[in-house]
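Enquirer: So that we are looking at the same thing, I have put the structure below in structure tokens.
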Amino acid sequence: MYTIQDSPVGTSKRSDLRLWGTVAGVGGPVVFTLGFLAQEQLRRGEYDPMSEVVSALEAGPHGWVQQANFVVLGLLTMVFAVGLHRGLASSGAGFVGPLVLFISGAASVLAAAFPLREGAAGTTYDPGGHQVAGALFFASSSIALIALSRRCAADPHWRGLARWILVAGVLAAVSFPLMGALVIPDDAPLHDWAGLAQRLVVLVLLFPARVALAVRLLNVARGHLTA
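The opening residue of the sequence shown carries number 32 in our numbering; numbering runs sequentially from there.
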């Protein structure tokens, strides 16, 4: 075995990026989740989390709160992607996972830039762009986990997470077209459970995987792991 000695400045910058990535990787999912849960409580009686997707919180007079929530998640996801890239061992196509994760962050910002709106009759509609941003977010989030699992498998410090990250990514990827066909459309047979289905994908598959990666990144940055 051999080691490459980095300069003190280079090592410090690399460590800083990984630590910031850790904060962003944990903070993004936690802040976003607390944000929409708080809004659900404040909008009881007018918003049904079982049937309405999180994006529906953008509709109405206080929709800017959820727009801000999307922006925060997006920006923190992009920082997390950069930190992950610095924390994982380099490989031939290793940039793909962090890059696609970065794109998912950009998609979250786009979801804020193109929000859902409330019509005169009180119905929620997409004036344009939001569904595209949402589809990009879920697709890129799933693909990112699958790609990251391969890079994790090639790094001894991350190998223990590889299978979990892969399974989460594959299940999320499978759920994406199923939700598009059976849940999200207004006339879909499971549309009344759209909110619950979306939350399960996010809170059971995507966010736990991201937080696990962020915690591992922290251990790597602090040098608590050895090959």
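Using N, Cα and C, we set each Cβ at its ideal position, and we do this for glycine too.
Classify Ala189: buried if its beta carbon has 16 or more other beta carbons within 10 angstroms, exposed otherwise.
Expert: Counted from its first residue, the sequence shown places residue 189 at position 158. According to the sequence displayed, residue 189 carries Trp and not Ala. When all chains shown are included, Trp189 counts as buried.
Enquirer: Any contact of the region 102-111 with the region 227-235, i.e. 3+ C-beta pairs under 8 Å?
Expert: Contact fails: fewer than three Cβ-Cβ distances are below 8 Å.
Enquirer: List the endpoints of the continuous alpha helix (DSSP H) containing Trp195.
Expert: As a first step, residue 195 is located in the sequence shown; it is residue number 164 there, counting from the start. Taken as a continuous stretch (DSSP letters only), the alpha helix (DSSP H) holding Trp195 covers Arg190 to Leu213.
Enquirer: Is it buried or exposed for Glu77, if we count other Cβ within 10 angstroms and need 16 for buried?
Expert: Numbered from its first residue, the sequence shown carries residue 77 at position 46. Glu77 should be labelled exposed.
Enquirer: When the Cα of Val57 is compared with those of Val242, Ala164, Gly91 and Ser171, which residue comes out closest?
Expert: The count along the sequence shown starts at 1 and reaches residue 57 at position 26. The residue with the shortest Cα to Cα distance from Val57 is Val242.
Enquirer: Do you know how far the Cα of Arg247 is from the Cα of Gly159?
Expert: Translated into the one-based positions of the sequence shown, residue 159 becomes position 128. Translated into the one-based positions of the sequence shown, residue 247 becomes position 216. Each residue's Cα considered, the two are about 38 Å apart.
Enquirer: Is it buried or exposed for Val251, if we count other Cβ within 10 angstroms and need 16 for buried?
Expert: The residue given as residue 251 occupies position 220 in the sequence shown. Val251 is buried by the Cβ-count criterion.
Enquirer: In whole angstroms, give me the CA-to-CA distance for Ser86 and Ile134.
Expert: Within the sequence shown, numbered from 1, the residue matching residue 86 stands at position 55. Within the sequence shown, numbered from 1, the residue matching residue 134 stands at position 103. Taking the straight line joining both Cα atoms gives about 18 Å.
Enquirer: When you compare the CB positions of Leu88 and Gln72, do they come within less than 8 Å of one another, or not?
Expert: Start at 1 with the first residue of the sequence shown, and residue 88 comes out as number 57. Start at 1 with the first residue of the sequence shown, and residue 72 comes out as number 41. Not closer than 8 Å, so no.
Enquirer: Apart from the five residues just before and just after Asp157, which ones in its own chain have a Cβ nearer than 7 Å to its Cβ?
Expert: The residue labelled residue 157 in the question sits at position 126 within the sequence shown. The residues are Leu147.
Enquirer: If we ignore side chains and look at the alpha-carbon of each, how far apart do Ala170 and Thr155 end up?
Expert: By 1-based counting over the sequence shown, the position of residue 170 is 139. By 1-based counting over the sequence shown, the position of residue 155 is 124. Near 23 Å, if we compare the C-alpha coordinates of Thr155 and Ala170.
Enquirer: Could you compute how far the alpha carbon of Glu83 sits from the alpha carbon of Gln97?
Expert: Translated into positions along the sequence shown, residue 83 becomes position 52. Translated into positions along the sequence shown, residue 97 becomes position 66. Distance between the alpha carbons of Glu83 and Gln97 is about 14 Å.
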